[in-house]
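Quick note: the sequence shown uses UniProt numbering, first residue 1, plus one each step.
Below is one structure; the comments refer to it alone.
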Amino acid sequence: MKISEYIRDQWIAIWISVLTAFFTGQFLYIMGTQLPVIIAVESLFLLGVFLCGAWDCFRKKRYYDQVERVWEQLEEKNYLSEILFVPGFYDGKLLYEILKKDEKFLNDIIARQQLEMIEYKDYIQTWSHEIKTPIAVERLIIENHKSPVMSSLEEEVGKIEAYVEQMLYYSKSGSLEADYLIQSVNVKHLIMGVVSKNRKMMVESSVLPKFGELDYEILTDIKWMDFIFGQLITNSVKYRDSGKKSWIYFNAREEDGGMLAVTVSDNGIGIPEQDVPRVFQKGFTGENGHTHQKSTGMGLYLCKNLCDKMDIRLEIASEWGKGTSFMFHIKRSR
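Laid out in C-alpha coordinates, this is it:
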(Lines of atoms letter the chains of each structure in order from A and count residues from 1; the text may use other names and numbers.)
(Lines give C-alpha, C1' and ligand atoms only; values in the text may rest on other atoms or scores of the structure.)
Protein backbone atom coordinates (compact mmCIF):
# COMPACT_ATOMS: atom_id res chain seq x y z
CA MET A 1 0.00 0.00 0.00
CA LYS A 2 1.32 3.44 -0.94
CA ILE A 3 1.08 6.41 1.45
CA SER A 4 -0.43 8.51 -1.34
CA GLU A 5 -3.20 5.92 -1.70
CA TYR A 6 -3.91 6.10 2.03
CA ILE A 7 -4.10 9.90 1.92
CA ARG A 8 -6.51 9.79 -1.02
CA ASP A 9 -8.63 7.28 0.87
CA GLN A 10 -8.74 9.56 3.96
CA TRP A 11 -9.29 12.88 2.17
CA ILE A 12 -12.75 13.43 3.72
CA ALA A 13 -11.38 12.93 7.26
CA ILE A 14 -8.47 15.25 6.46
CA TRP A 15 -10.77 18.00 5.20
CA ILE A 16 -13.04 17.62 8.24
CA SER A 17 -9.99 17.96 10.54
CA VAL A 18 -8.74 21.05 8.68
CA LEU A 19 -12.17 22.70 8.73
CA THR A 20 -12.59 21.83 12.42
CA ALA A 21 -9.24 23.45 13.22
CA PHE A 22 -10.15 26.52 11.16
CA PHE A 23 -13.54 27.09 12.77
CA THR A 24 -12.13 26.35 16.24
CA GLY A 25 -9.53 29.04 15.67
CA GLN A 26 -12.21 31.47 14.48
CA PHE A 27 -14.32 30.73 17.55
CA LEU A 28 -11.39 31.27 19.92
CA TYR A 29 -10.50 34.51 18.15
CA ILE A 30 -14.07 35.82 18.46
CA MET A 31 -14.04 34.88 22.15
CA GLY A 32 -11.01 37.11 22.60
CA THR A 33 -8.41 34.41 23.03
CA GLN A 34 -4.88 35.62 22.44
CA LEU A 35 -3.26 34.67 19.13
CA PRO A 36 -0.34 32.66 20.66
CA VAL A 37 -2.87 30.54 22.57
CA ILE A 38 -4.92 29.98 19.41
CA ILE A 39 -1.79 28.91 17.50
CA ALA A 40 -0.80 26.55 20.34
CA VAL A 41 -4.26 24.96 20.48
CA GLU A 42 -4.42 24.61 16.69
CA SER A 43 -0.92 23.12 16.58
CA LEU A 44 -1.69 20.55 19.30
CA PHE A 45 -4.93 19.59 17.58
CA LEU A 46 -3.32 19.16 14.14
CA LEU A 47 -0.37 17.31 15.71
CA GLY A 48 -2.77 14.87 17.34
CA VAL A 49 -4.63 14.36 14.07
CA PHE A 50 -1.32 13.82 12.23
CA LEU A 51 -0.02 11.29 14.79
CA CYS A 52 -3.30 9.33 14.74
CA GLY A 53 -3.26 9.28 10.94
CA ALA A 54 0.43 8.31 10.81
CA TRP A 55 -0.11 5.41 13.24
CA ASP A 56 -3.19 4.21 11.37
CA CYS A 57 -1.33 4.46 8.04
CA PHE A 58 1.70 2.61 9.43
CA ARG A 59 -0.18 -0.41 10.77
CA LYS A 60 -2.40 -0.71 7.68
CA LYS A 61 0.55 -0.33 5.31
CA ARG A 62 2.51 -2.97 7.21
CA TYR A 63 -0.38 -5.43 7.04
CA TYR A 64 -1.45 -4.86 3.43
CA ASP A 65 2.17 -4.89 2.22
CA GLN A 66 2.54 -8.29 3.88
CA VAL A 67 -0.66 -9.49 2.20
CA GLU A 68 0.66 -8.44 -1.24
CA ARG A 69 4.12 -9.91 -0.60
CA VAL A 70 2.79 -13.25 0.64
CA TRP A 71 0.27 -13.44 -2.20
CA GLU A 72 3.02 -13.02 -4.80
CA GLN A 73 5.30 -15.63 -3.18
CA LEU A 74 2.67 -18.18 -2.19
CA GLU A 75 2.08 -21.05 -4.61
CA GLU A 76 -0.98 -22.43 -2.82
CA LYS A 77 -3.13 -19.29 -2.81
CA ASN A 78 -5.87 -20.99 -0.83
CA TYR A 79 -3.66 -20.97 2.31
CA LEU A 80 -3.06 -17.21 2.46
CA SER A 81 -4.73 -16.60 5.84
CA GLU A 82 -2.64 -19.37 7.47
CA ILE A 83 0.51 -17.28 6.94
CA LEU A 84 -0.81 -13.78 7.67
CA PHE A 85 -0.90 -12.36 11.22
CA VAL A 86 -4.16 -11.03 12.66
CA PRO A 87 -4.21 -7.24 12.12
CA GLY A 88 -4.83 -4.80 15.00
CA PHE A 89 -7.50 -2.69 13.29
CA TYR A 90 -11.17 -3.55 12.91
CA ASP A 91 -11.58 -3.52 9.10
CA GLY A 92 -8.41 -5.62 8.78
CA LYS A 93 -9.75 -8.15 11.30
CA LEU A 94 -13.04 -8.27 9.43
CA LEU A 95 -11.18 -8.91 6.15
CA TYR A 96 -9.05 -11.58 7.84
CA GLU A 97 -12.10 -13.45 9.18
CA ILE A 98 -13.87 -13.32 5.80
CA LEU A 99 -10.68 -14.57 4.14
CA LYS A 100 -10.43 -17.53 6.54
CA LYS A 101 -14.07 -18.51 5.97
CA ASP A 102 -13.67 -18.19 2.21
CA GLU A 103 -10.48 -20.29 2.21
CA LYS A 104 -12.16 -22.99 4.30
CA PHE A 105 -15.02 -23.08 1.81
CA LEU A 106 -12.61 -23.32 -1.15
CA ASN A 107 -10.44 -25.96 0.53
CA ASP A 108 -13.51 -28.09 1.23
CA ILE A 109 -14.46 -27.89 -2.45
CA ILE A 110 -10.89 -28.74 -3.53
CA ALA A 111 -10.73 -31.70 -1.13
CA ARG A 112 -14.05 -33.03 -2.42
CA GLN A 113 -12.96 -32.65 -6.05
CA GLN A 114 -9.61 -34.31 -5.35
CA LEU A 115 -11.38 -37.26 -3.75
CA GLU A 116 -13.72 -37.56 -6.73
CA MET A 117 -10.74 -37.37 -9.10
CA ILE A 118 -8.87 -40.09 -7.20
CA GLU A 119 -11.92 -42.35 -7.30
CA TYR A 120 -12.37 -41.66 -11.02
CA LYS A 121 -8.70 -42.42 -11.77
CA ASP A 122 -8.88 -45.62 -9.74
CA TYR A 123 -11.95 -46.66 -11.72
CA ILE A 124 -10.28 -45.88 -15.07
CA GLN A 125 -7.13 -47.78 -14.15
CA THR A 126 -9.11 -50.77 -12.86
CA TRP A 127 -11.27 -50.79 -15.98
CA SER A 128 -8.20 -50.49 -18.24
CA HIS A 129 -6.64 -53.56 -16.64
CA GLU A 130 -9.86 -55.58 -16.63
CA ILE A 131 -10.62 -54.86 -20.30
CA LYS A 132 -7.31 -56.48 -21.24
CA THR A 133 -8.72 -59.91 -20.37
CA PRO A 134 -11.52 -59.94 -23.01
CA ILE A 135 -9.10 -58.38 -25.50
CA ALA A 136 -6.64 -61.22 -24.89
CA VAL A 137 -9.48 -63.74 -25.37
CA GLU A 138 -10.42 -62.06 -28.65
CA ARG A 139 -6.83 -62.32 -29.86
CA LEU A 140 -6.76 -66.01 -28.95
CA ILE A 141 -9.97 -66.62 -30.90
CA ILE A 142 -8.55 -64.73 -33.88
CA GLU A 143 -5.35 -66.81 -33.78
CA ASN A 144 -7.37 -70.04 -33.88
CA HIS A 145 -9.69 -68.92 -36.71
CA LYS A 146 -7.50 -67.36 -39.37
CA SER A 147 -9.39 -65.68 -42.21
CA PRO A 148 -9.52 -62.30 -44.03
CA VAL A 149 -12.38 -61.25 -41.77
CA MET A 150 -10.41 -62.21 -38.68
CA SER A 151 -7.40 -60.24 -39.95
CA SER A 152 -9.55 -57.13 -40.18
CA LEU A 153 -10.93 -57.86 -36.74
CA GLU A 154 -7.40 -58.24 -35.38
CA GLU A 155 -6.52 -54.81 -36.72
CA GLU A 156 -9.51 -53.26 -34.95
CA VAL A 157 -8.63 -55.09 -31.72
CA GLY A 158 -5.14 -53.60 -32.00
CA LYS A 159 -6.68 -50.13 -32.22
CA ILE A 160 -8.78 -50.83 -29.14
CA GLU A 161 -5.64 -51.89 -27.26
CA ALA A 162 -3.85 -48.71 -28.32
CA TYR A 163 -6.70 -46.47 -27.17
CA VAL A 164 -7.02 -48.35 -23.87
CA GLU A 165 -3.29 -47.94 -23.26
CA GLN A 166 -3.50 -44.25 -24.15
CA MET A 167 -6.38 -43.76 -21.71
CA LEU A 168 -4.49 -45.61 -18.98
CA TYR A 169 -1.40 -43.44 -19.42
CA TYR A 170 -3.50 -40.30 -19.48
CA SER A 171 -5.20 -41.22 -16.21
CA LYS A 172 -1.79 -41.80 -14.60
CA SER A 173 0.00 -38.81 -16.12
CA GLY A 174 -1.10 -36.49 -13.30
CA SER A 175 0.63 -38.69 -10.70
CA LEU A 176 3.69 -39.86 -12.60
CA GLU A 177 5.83 -39.92 -9.44
CA ALA A 178 3.89 -42.95 -8.16
CA ASP A 179 4.83 -44.98 -11.23
CA TYR A 180 8.25 -43.62 -12.03
CA LEU A 181 11.57 -45.49 -12.12
CA ILE A 182 14.68 -43.84 -13.55
CA GLN A 183 17.36 -46.28 -14.63
CA SER A 184 20.09 -46.70 -17.19
CA VAL A 185 18.68 -47.86 -20.53
CA ASN A 186 20.34 -48.71 -23.83
CA VAL A 187 18.71 -46.64 -26.57
CA LYS A 188 19.17 -49.34 -29.20
CA HIS A 189 17.55 -52.05 -27.07
CA LEU A 190 14.70 -49.72 -26.14
CA ILE A 191 13.88 -48.71 -29.72
CA MET A 192 14.32 -52.22 -31.10
CA GLY A 193 11.83 -53.47 -28.53
CA VAL A 194 9.27 -50.82 -29.51
CA VAL A 195 9.74 -51.53 -33.22
CA SER A 196 9.36 -55.27 -32.62
CA LYS A 197 6.13 -54.66 -30.70
CA ASN A 198 4.75 -52.60 -33.61
CA ARG A 199 6.29 -54.73 -36.36
CA LYS A 200 3.02 -56.16 -37.69
CA MET A 201 1.41 -52.73 -38.03
CA MET A 202 4.49 -51.37 -39.82
CA VAL A 203 4.73 -54.35 -42.20
CA GLU A 204 1.05 -54.16 -43.13
CA SER A 205 1.41 -50.41 -43.78
CA SER A 206 4.73 -50.83 -45.65
CA VAL A 207 6.60 -48.50 -43.29
CA LEU A 208 10.29 -49.42 -43.22
CA PRO A 209 12.28 -48.81 -40.00
CA LYS A 210 15.79 -47.37 -40.42
CA PHE A 211 18.42 -47.10 -37.72
CA GLY A 212 21.40 -44.82 -37.20
CA GLU A 213 23.86 -44.86 -34.31
CA LEU A 214 21.85 -45.86 -31.25
CA ASP A 215 24.33 -47.62 -28.97
CA TYR A 216 24.13 -45.14 -26.07
CA GLU A 217 23.02 -45.35 -22.47
CA ILE A 218 20.44 -42.89 -21.15
CA LEU A 219 18.68 -42.26 -17.84
CA THR A 220 14.92 -42.60 -18.19
CA ASP A 221 11.88 -44.69 -17.37
CA ILE A 222 11.66 -47.66 -19.76
CA LYS A 223 7.89 -48.08 -19.60
CA TRP A 224 7.10 -44.44 -20.27
CA MET A 225 9.62 -44.09 -23.11
CA ASP A 226 8.28 -47.31 -24.64
CA PHE A 227 4.83 -45.70 -24.71
CA ILE A 228 6.16 -42.43 -26.18
CA PHE A 229 8.11 -44.09 -29.01
CA GLY A 230 5.11 -46.33 -29.68
CA GLN A 231 2.92 -43.24 -30.11
CA LEU A 232 5.37 -41.77 -32.63
CA ILE A 233 5.45 -45.01 -34.63
CA THR A 234 1.64 -45.10 -34.65
CA ASN A 235 1.55 -41.51 -35.92
CA SER A 236 4.11 -42.28 -38.63
CA VAL A 237 1.95 -45.15 -39.85
CA LYS A 238 -1.28 -43.17 -39.60
CA TYR A 239 0.09 -40.13 -41.45
CA ARG A 240 2.27 -41.88 -44.01
CA ASP A 241 2.37 -40.67 -47.61
CA SER A 242 0.83 -43.47 -49.70
CA GLY A 243 2.43 -42.05 -52.84
CA LYS A 244 5.99 -43.00 -51.87
CA LYS A 245 7.97 -45.61 -49.94
CA SER A 246 7.46 -44.80 -46.28
CA TRP A 247 10.14 -45.05 -43.62
CA ILE A 248 10.79 -44.05 -40.02
CA TYR A 249 14.36 -43.27 -38.97
CA PHE A 250 15.83 -43.55 -35.46
CA ASN A 251 19.14 -41.90 -34.63
CA ALA A 252 21.06 -40.48 -31.65
CA ARG A 253 24.02 -38.14 -31.16
CA GLU A 254 25.91 -36.82 -28.17
CA GLU A 255 25.43 -33.26 -26.98
CA ASP A 256 27.28 -31.03 -24.54
CA GLY A 257 26.45 -31.16 -20.85
CA GLY A 258 26.06 -34.93 -20.67
CA MET A 259 22.98 -34.96 -22.89
CA LEU A 260 21.93 -37.16 -25.80
CA ALA A 261 19.71 -36.08 -28.70
CA VAL A 262 17.49 -38.97 -29.82
CA THR A 263 15.74 -38.27 -33.13
CA VAL A 264 12.68 -40.01 -34.60
CA SER A 265 11.97 -38.89 -38.18
CA ASP A 266 9.65 -39.99 -40.97
CA ASN A 267 8.85 -39.03 -44.56
CA GLY A 268 5.09 -38.87 -44.10
CA ILE A 269 2.68 -36.13 -45.07
CA GLY A 270 4.13 -33.74 -42.50
CA ILE A 271 2.30 -31.06 -40.53
CA PRO A 272 1.09 -27.70 -41.90
CA GLU A 273 3.29 -24.84 -40.69
CA GLN A 274 0.44 -23.10 -38.84
CA ASP A 275 -0.32 -26.29 -36.87
CA VAL A 276 3.23 -27.08 -35.68
CA PRO A 277 3.22 -24.77 -32.59
CA ARG A 278 -0.03 -26.36 -31.36
CA VAL A 279 0.55 -30.09 -31.88
CA PHE A 280 1.32 -30.68 -28.19
CA GLN A 281 -1.91 -29.05 -27.03
CA LYS A 282 -4.49 -31.32 -25.48
CA GLY A 283 -7.11 -32.44 -28.02
CA PHE A 284 -5.58 -30.51 -30.94
CA THR A 285 -5.93 -32.38 -34.25
CA GLY A 286 -5.29 -29.65 -36.83
CA GLU A 287 -5.66 -30.06 -40.57
CA ASN A 288 -4.39 -33.65 -40.47
CA GLY A 289 -7.03 -34.46 -37.86
CA HIS A 290 -9.79 -33.26 -40.17
CA THR A 291 -8.42 -35.55 -42.89
CA HIS A 292 -8.04 -38.50 -40.50
CA GLN A 293 -11.33 -38.47 -38.60
CA LYS A 294 -10.12 -40.98 -35.97
CA SER A 295 -7.51 -38.59 -34.59
CA THR A 296 -8.03 -37.72 -30.92
CA GLY A 297 -5.29 -35.15 -30.41
CA MET A 298 -4.17 -36.94 -27.24
CA GLY A 299 -1.08 -38.90 -28.38
CA LEU A 300 1.40 -36.03 -28.77
CA TYR A 301 -0.10 -34.22 -25.78
CA LEU A 302 0.69 -37.25 -23.61
CA CYS A 303 4.19 -37.55 -25.08
CA LYS A 304 5.00 -33.92 -24.24
CA ASN A 305 3.39 -34.15 -20.82
CA LEU A 306 5.35 -37.26 -19.85
CA CYS A 307 8.60 -35.83 -21.23
CA ASP A 308 8.16 -32.67 -19.16
CA LYS A 309 7.64 -34.74 -16.02
CA MET A 310 10.77 -36.79 -16.76
CA ASP A 311 12.79 -33.60 -17.42
CA ILE A 312 13.19 -34.51 -21.10
CA ARG A 313 13.06 -31.66 -23.62
CA LEU A 314 10.98 -32.61 -26.66
CA GLU A 315 11.19 -30.62 -29.90
CA ILE A 316 9.38 -31.00 -33.22
CA ALA A 317 10.25 -29.95 -36.76
CA SER A 318 7.96 -30.63 -39.69
CA GLU A 319 7.48 -29.62 -43.31
CA TRP A 320 4.20 -30.11 -45.09
CA GLY A 321 4.52 -32.86 -47.70
CA LYS A 322 8.02 -33.93 -46.61
CA GLY A 323 7.81 -35.40 -43.12
CA THR A 324 8.17 -34.82 -39.40
CA SER A 325 11.05 -35.09 -36.94
CA PHE A 326 10.94 -35.36 -33.14
CA MET A 327 14.04 -34.74 -31.04
CA PHE A 328 14.41 -35.84 -27.41
CA HIS A 329 17.15 -34.27 -25.27
CA ILE A 330 17.82 -36.88 -22.59
CA LYS A 331 20.48 -37.21 -19.88
CA ARG A 332 23.18 -39.75 -20.71
CA SER A 333 24.07 -42.49 -18.26
CA ARG A 334 27.66 -41.97 -17.12
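Where a beta carbon is used, it is the ideal one built from N, C-alpha and C, also for glycine.
Residue interval of the beta strand (DSSP E) (run including residue i)
i: MET31; result: Careful: MET31 lies outside any beta strand (DSSP E) and carries neither H nor E.
i: LYS146; result: Where LYS146 is concerned, there is no enclosing beta strand (DSSP E), given that its DSSP letter is neither H nor E.
i: ILE330; result: 323-331
i: VAL86; result: From DSSP, VAL86 is part of no beta strand (DSSP E); its letter is neither H nor E.
i: VAL185; result: 183-186
Contact check, residue i vs residue j, beta carbons under 9 Å
i: residue 392; j: LEU214; result: The chain is shown from 1 up to 334; residue 392 falls before or after that span and cannot be answered.
i: PHE284; j: GLY297; result: yes
i: LEU28; j: VAL37; result: yes
i: THR20; j: PHE50; result: no
i: MET167; j: SER128; result: yes
i: VAL157; j: GLU138; result: yes
i: ASP226; j: LEU190; result: yes
i: LYS121; j: SER152; result: no
i: GLU255; j: HIS329; result: yes
i: TRP224; j: LEU106; result: no
i: ILE222; j: VAL264; result: no
Length of the line joining the Cα atoms of residue i and residue j
i: GLN125; j: ASP308; result: 22 Å
i: GLU273; j: ASN267; result: 16 Å
i: ASN198; j: TYR216; result: 22 Å
i: TYR301; j: ALA162; result: 15 Å
i: ILE14; j: GLN73; result: 35 Å
i: GLN66; j: ILE12; result: 27 Å
i: ASP91; j: LYS60; result: 10 Å
i: MET31; j: GLY25; result: 10 Å
i: LYS101; j: LEU94; result: 11 Å
i: GLN231; j: TYR169; result: 12 Å
i: LEU47; j: THR33; result: 20 Å
i: LYS104; j: ALA111; result: 10 Å
i: ASP311; j: MET192; result: 23 Å
i: GLY321; j: GLU68; result: 53 Å
i: LYS304; j: ASP9; result: 50 Å
i: LYS238; j: LEU140; result: 26 Å
i: GLN281; j: THR234; result: 18 Å
i: ILE248; j: SER318; result: 14 Å
i: MET201; j: GLU119; result: 35 Å
i: PHE58; j: GLU42; result: 24 Å
i: PHE326; j: TYR123; result: 33 Å
Residue i: first and last residue of the uninterrupted alpha helix (DSSP H) it sits in
i: MET117; result: 90-130
i: LYS304; result: 299-309
i: GLU315; result: Taken as a continuous stretch (DSSP letters only), GLU315 belongs to no alpha helix (DSSP H), being part of the beta strand (DSSP E) at 313-319.
i: TYR6; result: 3-9
Expected contact under 8 Å - CB spacing of residue i and residue j to nearest Å
i: ILE316; j: VAL279; result: 6 Å
i: ILE160; j: ILE135; result: 6 Å
i: SER236; j: VAL276; result: With a Cβ gap of about 16 Å, SER236 and VAL276 do not count as contacting.
i: ARG142; j: GLU154; result: According to the sequence shown, residue 142 is Ile rather than Arg. Indeed, because the Cβ distance is near 5 Å, the residues count as touching under 8 Å.
key: Entirely enclosed beta strand (DSSP E) segments - the region 192-269, minimum 3 residues   = Counting whole runs of 3 or more residues, the region 192-269 contains the beta strand (DSSP E) stretches 207-211, 217-220, 246-255 and 259-266.
inquiry  = As an exercise, report each continuous alpha helix (DSSP H) stretch of at least 4 residues that is fully enclosed by the region 17-57, in chain order.
reply    = Counting whole runs of 4 or more residues, the region 17-57 contains no alpha helix (DSSP H) stretch at all.
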